[in-house]
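For the sequence shown, this note's numbering gives the first residue as 417, with consecutive numbering after it.
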Amino acid sequence: MTQALALPTKRDSRSPFKALDISRATRKDYEARLPRFLQFVAQSGGLSINTFLDYKQYLESCEDLGVASKNKYLVVAKVYLREMHRRGLIPVDITTNVKTFKQSKKHKRAGLTAHEISKLCKWMDEDLLLKGERKYCRIRALIALLIFQGLRTIEICRLDWNDFDEQNAQLAIRGKGKDDKEFVPLHPKTAEALSLYQYSFFEKRQYESKFKTDTAALMRLLRSAMFVSYSNSSQHKRLSPRGLRSIIKPILTYLGIKKTVHGFRHFYTTTLIQGYDGNLLDVARYTRHKSLEMLQVYDDSIKEKADLPRYEQAFSKIAF
417 MTQALALPTK RDSRSPFKAL DISRATRKDY EARLPRFLQF VAQSGGLSIN
467 TFLDYKQYLE SCEDLGVASK NKYLVVAKVY LREMHRRGLI PVDITTNVKT
517 FKQSKKHKRA GLTAHEISKL CKWMDEDLLL KGERKYCRIR ALIALLIFQG
567 LRTIEICRLD WNDFDEQNAQ LAIRGKGKDD KEFVPLHPKT AEALSLYQYS
617 FFEKRQYESK FKTDTAALMR LLRSAMFVSY SNSSQHKRLS PRGLRSIIKP
667 ILTYLGIKKT VHGFRHFYTT TLIQGYDGNL LDVARYTRHK SLEMLQVYDD
717 SIKEKADLPR YEQAFSKIAF
């Protein structure tokens, strides 16, 4: 017979993730995924000692979710239940001995190819320039950060103007899961693109009289977001990762490139591994991966692709 339990009341469990030492973005993600678990509990007749295991089995049956998404929902439920147990609102930790889903470390989606990158660069120099210098400089700066620096979307969106050290050709970046910023060297093409974008950005504002006389206002501008949104709903607010994807993805679609924005990072990492002859320690200094495990996945993929002709040749004598 399973032990009967009860979920905390809404009043008792208000802001369930507030006391956790996590980033604001992670907290928002948790809050967005939690209702699925709460709805499952309600439809299952309440909480029991086996609820978490039952929830895992329910997620396993959800064909509309990939393994990565299933794990995210499962982890959120686990964090919630453990936090409620820590607060004394649930008498036992019902998540014990329930494992997450086994997930392949291989990439599910391919990165951009050298041919696709060349196609994109040609479009910028031939078509984008005709749409106005300001737009050209902004998009060129974004794409340079993706191609030559391999920055994640969140890392680009976190950039402020004073993070750009033009004189020393370096950029202060707050990486994934980091609280502090670190300087990374800029490829000459990136440094050039950022300098042009900076000039076009500040040239427009030098005619605004308040910046001629108000030094404090100018300093605030230097500490402001490098990339802002021009959409109606987020006018002049810091560009979000979603907003960045909405800028780049239509360009890729227009060029017939069926890849995600994260595909730039795949291209960047793969290009470095090939350029450094598989020396993953050297590559890690530029990609800023926490461990070599993920870089090993990239390296294995490169070797597997290079070995395909030999694999195909092994079956060449079969008349099929």
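Just so you know, even glycine gets a beta-carbon here, dropped at the ideal spot from N, CA and C.
Three-state secondary structure (DSSP) at residue i?
i, result
"residue 508", "coil"
"residue 727", "helix"
"residue 359", "Past the edges of the chain, shown from 417 to 736, lies residue 359, and the structure says nothing about it."
"residue 476", "helix"
"residue 601", "strand"
"residue 534", "helix"
"residue 422", "coil"
"residue 662", "helix"
"residue 735", "coil"
"residue 460", "coil"
"residue 576", "strand"
"residue 639", "coil"
"residue 699", "helix"
"residue 449", "helix"
"residue 581", "strand"
"residue 443", "helix"
"residue 644", "strand"
Quick check: residue i and residue j, are their CB atoms within less than 8 angstroms of each other?
i, j, result
"residue 556", "residue 609", "yes"
"residue 540", "residue 432", "no"
"residue 639", "residue 695", "no"
"residue 679", "residue 525", "yes"
"residue 564", "residue 535", "no"
"residue 516", "residue 490", "yes"
"residue 655", "residue 553", "no"
"residue 468", "residue 436", "no"
"residue 393", "residue 470", "Outside the displayed span of the chain (417 to 736) sits residue 393, for which this structure offers no information."
"residue 686", "residue 462", "no"
"residue 589", "residue 683", "no"
"residue 507", "residue 570", "no"
"residue 681", "residue 591", "no"
"residue 699", "residue 521", "no"
"residue 703", "residue 697", "no"
"residue 602", "residue 586", "yes"
"residue 449", "residue 492", "yes"
"residue 550", "residue 616", "yes"
Using a 10 Å radius around the Cβ and a threshold of 16 neighbouring Cβ atoms, would you call residue i buried or exposed?
i, result
"residue 494", "buried"
"residue 559", "buried"
"residue 736", "exposed"
"residue 701", "exposed"
"residue 486", "buried"
"residue 503", "exposed"
"residue 422", "exposed"
"residue 643", "buried"
"residue 727", "exposed"
"residue 734", "exposed"
"residue 691", "exposed"
"residue 659", "buried"
"residue 575", "buried"
"residue 511", "buried"
"residue 731", "exposed"
"residue 580", "buried"
"residue 465", "exposed"
"residue 439", "exposed"
"residue 693", "exposed"
Tell me which residue opens and which closes the alpha helix (DSSP H) that residue i is part of.
i, result
"residue 563", "549–563"
"residue 499", "483–502"
Grab the span of the beta strand (DSSP E) containing residue i for me, first residue to last.
i, result
"residue 690", "No beta strand (DSSP E) holds residue 690; the alpha helix (DSSP H) holding it covers 679–691."
"residue 570", "Not the beta strand (DSSP E): residue 570 falls in the alpha helix (DSSP H), residues 569–573."
"residue 588", "586–589"
So is the beta-carbon of residue i under 7 angstroms away from any non-hydrogen atom of the ligand MN?
i, result
"residue 512", "In terms of ligand content, the structure shown is empty, and the ligand MN therefore cannot be addressed."
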